[in-house]
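Heads up: the sequence shown runs through residues 1 to 271, numbered per the working numbering.
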Amino acid sequence: MVECETAFGKPSSPVTLGTLNNVPVAFVQRHGIGHTIPPSFINVRANIAALRSVGCTQLLSVSAVGSLTHDAPPGSFVLIDQFIDRTIQREKTFFGPGLVGHVPFGDPVCGRMRSVLASAAETADVQARNGGTYVVMEGPQFSTRAESHLYREWGGTVIGMTAMPEAKLAREAELCYAMIAIPTDFDCWHESHEDVNATLVAQRMADTFTLTRRLVTEAVTRLGEHQGACSSGCDHALDTAVMTAPEHRDPEMVARLLTVAPNATHLGAEQ
């Protein structure tokens, strides 16, 4: 394990380094060792900075969620392609005063990675819905019944608390990003099923461990074969993002940003 101190603070846990089917991997426990960090208090900026510091270029996220549709029942998997961000109290950007940037985010998930995940699920014989909208709530409380029905009307597929600002920050860091969402319950909208609770979530995640490991192993094996530029353009997300004139860019802000987006050297302030 690697203890990291980043320009954005300490990550949720030390970075665990290893290999999976001969593919180098790095892992951060977003909720901390022993699940001690609530969703609203996760230092996602530091987590991403720590992963970048050990050489990561692709970020595969796994998240327990509630299902908002019959088409994504508990025990299945959803390969997310869209998000609705309802969070309100989290650090959501690496930019700030002295360096203003707006990354394109119409397609928040790397299309190349999601395609790889879909193929991996088929090979691993894992039921996975290819595409779905993740409604990200602030928490830590679960939804009211009225909220759950509202999110269904919005077209949400699943609901959870951890995908944001993870996906947004990954894009600003020019990382390829994809998410495997694992429904553990039907939130609280389904009249024939138990309302979500923390014990149920933990139990269902344990029940799907074998399938999750099989899918992740196959996905990582395939993702490890990727070489060169991302066909979805994730690795050039900052090319057209910065609004601040070069002569007015804060050198300290630029330096901090380059710790998570090391290839964006064109952002350097004029001397």
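Think of the CB as a built atom: it goes at the ideal place given N, C-alpha and C, for glycine as much as any other residue.
{"Item": "Which runs of the beta strand (DSSP E) at least 3 residues long sit entirely within the stretch 28 to 71? Give them in chain order.", "Value": "58 to 67"}
{"Item": "Helix, strand or coil, according to DSSP, for leucine 175 in the structure here?", "Value": "coil"}
{"Item": "What is the C-beta distance between arginine 222 and alanine 120, in whole angstroms, given that I count them as a contact (C-beta under 8 Å)?", "Value": "5 Å"}
{"Item": "For arginine 214, name the three-state secondary structure that DSSP assigns.", "Value": "helix"}
{"Item": "Thinking glycine 132 and valine 109 are a contact (beta carbons under 8 Å), I'd like their distance in whole angstroms, please.", "Value": "Not really, about 10 Å apart at Cβ, beyond 8 Å."}
{"Item": "Which same chain residues end up closer than 8 Å to valine 201 when comparing Cβ atoms and leaving out the 5 residues on each side of it in sequence?", "Value": "Ala64, Thr184, Asp185"}
{"Item": "Quick check: the Cα distance between threonine 6 and arginine 52, rounded to an integer number of angstroms?", "Value": "10 Å"}
{"Item": "Have a look at arginine 112 and methionine 164 and give me their C-alpha separation to the nearest angstrom.", "Value": "20 Å"}
{"Item": "Can the beta-carbon of phenylalanine 77 be found less than 9 Å from the beta-carbon of alanine 146?", "Value": "no"}
{"Item": "State whether the stretch 203 to 221 contacts the stretch 230 to 250, with contact taken as three or more CB pairs (one from each stretch) at a distance under 8 Å.", "Value": "no"}
{"Item": "On the criterion of 16 or more Cβ atoms from any shown chain inside 10 Å, does threonine 144 qualify as buried, or is it exposed?", "Value": "exposed"}
{"Item": "Kindly identify the DSSP beta-bridge partner or partners of valine 100.", "Value": "None, per the DSSP bridge assignment."}
{"Item": "Please list the terminal residues of the continuous beta strand (DSSP E) segment that includes arginine 129.", "Value": "128 to 130"}
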